[in-house]
Amino acid sequence: MVAPDEKRRRTEQQKNGKTVERSRIYQPFRAIGYITTEIPVVIEHHGQDFFMTTSVGKSFQTYNLARMTLIYVSQPVEETITAMTAARKIIYIAFGSTIAGYKRGREIKRIGGEGKYTILQLMHLGGDFLAALCDDNVLRIWDFATEDYSEIEFGETFTATTMVHPSTYLNKILVGSTQGAMQIWNFRTSKMVYQFEPFSSAITCLVQSPVVDVVAIGLLDGSAILHNIRINEKIDSVRQDDRVTAISFRTDEEVMMATANMHGDVALWDLQERRLVHTMLHAHSSLISSVQFLAGQPVLLTSGADNAVKQWKFEKHNVEPHFLKGRSGHHAPPSKIRFYGDSGKHLLSSGRDQSLRSFSIVRDSQSVELSQGSVDKKAKQRKVTRGELMLPVITDFAASTTKGKEWDNIVTCHVSDSGARTWSYKNKAMGKHVLRSADQSALKVTNISACGNFAFIGCASGAIEMYNLQSGLKRKSYIGHKKAITGLASDNTNRFLISSSMDRTVRIWSFQKSEMLHTIELEAPVVAIQYHRENDLLAVVCDDLGIRVIDVDTLKIVREFWGHRNRITDFCFSPDGRWIISASLDNTIRTWDLPTSSMIDIFKTEDIVSSLSFSPTGDFLATTHVDNIGIFLWANRTQFTNVPLRSIADDEVAQVLSLPSLAEGDAYEEAPKSSEVLTTSEQLADALITMSMEPKAKWQNLLSLETIKKRNKPKEAPKPAEKAPFFLPTLAGAKAQFDLSQPKEEKDTKSRISHGTEMMDIETEFSQLLAAGNENDDYTAFVDYAKSLSPSALDVQIRTLPVNADLSAHQQFVSAILFMLRTRKNFEMAQAWLNVFLNIHGDLIIGNPLNDIHTTLKETLAVQNQEFGRLSEQIHYGLCMIDFARK
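Going by the UniProt record's numbering, the first residue of the sequence shown is number 1, and it counts up by one from there.
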């Protein structure tokens, strides 16, 4: 629901022409961390290879099970996928009332979509027929080729829940219901063939067994029944805890059945001995949506609602299977993310699922969960859940790559815990040290020094402790804050430590002596700080919703940013230190420009941002959102296109309708053009010196053109092509020749001498515009044309200026340079052009001392000295002011 005030504001924006549908700087790129959902996975085998397709919201992913590598991701559809099936290398998905077919991730056809029902289960019946069980208690049979379909409506006394196509039963479907009854229908004639007596509980799943006529029936009360549907006789039954969510049969030499429940347990039954072999307690953290034995292999695949897929291998007869391989992500929303290292390829993430994970944005198979020891083994021995033995939820963490190969380089703080844990990113496991607070108070924040040797922990009591990461021993204490520590930071050279607290102060400490050097008092309690080590700027977020930027050298507040209407959840610097990106509970992500002290971008998302981090390479902004288990990447458009950055107001907020999808590459598609037209004046004022908008390399390459040509010159002459063997035929006319013949008409009317004279009398556009500018005393058109030329082309034009007695062309070129200096436009380009001109034609000008060009050059020198003198004076004044402020 959209509030009336919000609707009114959007309407006013539309009337004023300020509606923006996308961010100016950030464009959705892709989402990472999604593996599967509650929708059962689909397994296909082509030859010796097995492929698994999982649903992830509005897209699906296909993996090669041999290596668990991601092959491709489909483009998102309009609604969430509710059912899947596969046949003949085609993946069929259902969303809403629509069924779509895909081949290698690309949609080939779509049917349905007209009704208001939702498809709950999809099943392939052979050929082009698909069966869809819908939430309106209707079974629809589709012919995918002709798009014809028929309907089977069940009465009020039969509410269908699941279905299966019995093996060898032509045109038959077996349907189960919440009433516990089953019915067999002929989908060709849409008639019911037989109805079975109801069971004691609702039917939750139906699976065809390897034996013809025998079907496995899973019930809500935890019973799994083997039933012969031909003679309507129960063969056997077993019982597990809670409802049966999935059933599978082993198809190799062993006779085994696996059943799963909603608590993440898998029960393994020996059907020959009729007994329970083993119970895989807490194989998943929550409901298991599918269990499937791979055809002819002793491998069991399980997937669940905990965003994980696992493979289990059976070594011997009736022996507990061991974990083989798997893929997983957060199964609870992540709370904090930070890029790891300077490459910008890895992200560290902690979440409410008590885990610390590393995600790769380049190769999905490199994403792992950092180990907390033999938690699974201990949980099985004690018969408790995995979460009961894991560390408490991580509230803050810090990482450094400096000493990552020598010792632990990650430190984490946990909820209501007085001990910080160390981790090794190299080993992808928890380290051996526990850094505890001296007063046993809970830890709030942590930080690692730039050298990677020391870790700092901030306590709820206001104390700060420093530990050595190699030995795990305490080194120093920093005492002075009266309330909980909210932020810690250290500089590049270990000169000082910066801390913030709820006592409304930011303190700077001597790193070595642990003495307090300075105290900065603020108007509100400090929530968090971010320190940019390269430019010595400290960004501080307070409870009054403001962002203050402090220059650590001068201890002064140099910038203040206001605009957020609710608590700021996270913020960060851009790699170059020019931007601050902040997120708030008001659902907005704002970008603040430090040099201009203004907001240059704002966009609103549907879900609140819980954490964000900017890539060290400046490519991506990573965000996590409330109630979302994935990590979302936004491409920085300024890296690959020209983005006009200007100060904007709050009412120009962009409404981002959806978060980035799983399909990679969306960011580089052409963005929708905004109706707003931005116009920039060529020169703000006549008295200002204006540089050109051309790339810097354009005029720099012109100055170094000779060096570039020498560097690119081939080291040896090209070798002639080898002669073809005599037995290979040659092509007639392969050698290029000039047609020197002349039409008869031209021979009769023109002589060779007159024709040659015409060819020599050619005036280029360069010289034409130069002469026209001299007549009008306005060289604007000439300058625009010369700016459009490449460095090589401009060099050729300057070298080939026509030479006559009065050097008129040279005189006009110098006048054009004088025109550029007097108008104070393209200042640096005028210097480069004049430099090249004098290097080429200097001897010719010196050899004609009485020519008027010398007078023009003297005027040019006078204007150059005057204008550059003004510029040099302002530059030196600014440098002196900066030097004075720093000292």
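We put the CB at the ideal spot given by N, CA and C, even for glycine.
Just so it is clear, the structure is predicted and the values come from calculations on it, not from any experiment.
The C-beta separation of ASN307 from HIS282 comes to about 15 Å, leaving the pair out of contact by the 8 Å criterion.
Nearest Cα to GLU233 within the set VAL255, LEU789, PHE199 and LEU356: PHE199.
Annotated three-state conformation of ASN776 is helix, per DSSP. Rounded to whole angstroms, the gap between the alpha carbons of PHE837 and LYS787 is 15 Å. Going by DSSP, GLN811 is part of the alpha helix (DSSP H) stretching over 808 to 823.
For GLU79, the closest C-alpha among the options SER424, ALA100 and LEU206 is that of ALA100. Under the 8 Å Cβ criterion, the region 334 to 350 does not count as touching the region 79 to 95, having fewer than three qualifying pairs. Proximity of the region 591 to 600 to the region 290 to 308 falls short of the contact definition, fewer than three beta-carbon pairs being nearer than 8 Å.
Setting aside the 5 residues that flank it on each side, PRO802 is surrounded in the same chain by SER767 and ALA809, each with a C-beta closer than 7 Å to its C-beta; the list follows chain order. For the options VAL211, GLN208 and MET182, the alpha carbon positioned closest to that of SER201 is the one of MET182. With fewer than 16 neighbouring CB atoms inside 10 Å of its own CB, ILE875 falls in the exposed class. At the C-beta level, ASP353 and SER285 come within 9 Å of one another.
Setting aside the 5 residues that flank it on each side, ALA832 is surrounded in the same chain by TRP699, LEU702 and LEU703, each with a C-beta closer than 7 Å to its C-beta; the list follows chain order. In the DSSP annotation of this structure, the continuous segment of the beta strand (DSSP E) that includes PHE60 starts and ends at 59 to 64. If one requires a minimum length of 3 residues, the beta strand (DSSP E) runs lying completely within the region 425 to 453 are 429 to 436 and 443 to 448, in chain order.
Around the beta carbon of GLU465, 16 or more other beta carbons lie within 10 angstroms, which makes this residue buried.
Under a 10 Å Cβ-count criterion, GLN811 is classified as buried, with 16 or more other Cβ atoms of the shown protein chains found around its own Cβ. In this structure, the straight-line span from the alpha carbon of GLN121 to that of ALA160 is close to 11 Å. Of all alpha-carbon atoms in ASP686, THR624 and LEU769, the one lying nearest the alpha-carbon of LYS336 is that of THR624. Runs of the alpha helix (DSSP H) lying entirely within the region 339 to 423, each at least 4 residues long, are 375 to 382 and 386 to 389 in chain order. Within the region 206 to 293, the complete beta strand (DSSP E) segments at least 3 residues long are 214 to 219, 223 to 228, 233 to 239, 244 to 249, 256 to 261, 266 to 270, 275 to 280 and 288 to 293, listed from N- to C-terminus.
Distance check between VAL783 and each of LYS444, GLY222 and ARG824 places ARG824 closest, using alpha-carbon atoms only.
DSSP, read as helix, strand or coil, puts PRO334 in strand. Distance check between SER471 and each of ARG533, VAL527, ARG504 and GLU406 places GLU406 closest, using alpha-carbon atoms only. Taking C-beta separations shorter than 7 Å and ignoring five residues to either side along the sequence, the partners of ASP543 in its chain run ALA524, PRO525 and VAL527, following chain order. Exclusion of the five residues before and after THR259 leaves ALA224, GLN240, VAL244, ILE247 and ALA267 as the residues of its chain whose Cβ lies within less than 6 Å of its Cβ.
With 16 or more other Cβ atoms from the protein chains shown falling within 10 Å of its own Cβ, SER661 counts as buried. With fewer than 16 other CB atoms across the displayed protein chains lying within 10 angstroms of its CB, ASP650 is exposed. Shown here, GLU859 sits in a helix according to DSSP, grouped into three states. In terms of Cβ geometry, HIS481 and SER499 form a close pair [threshold 9 Å]. In the displayed model, TYR467 falls within a strand according to three-state DSSP. Taking the C-beta atoms as reference points, VAL299 is found no nearer than 9 Å to THR36.
Restricting attention to GLU515, SER610, TRP509 and LEU125, the CA atom closest to the CA of VAL552 is found in TRP509.
Around the beta carbon of TYR194, a 10 Å sphere encloses fewer than 16 other beta carbons of the protein chains shown; the residue is thus reported as exposed.
For ASN186, the enclosing beta strand (DSSP E) starts and ends at 182 to 186. VAL434 sits close to ALA420, with the two beta carbons spaced by under 9 Å.
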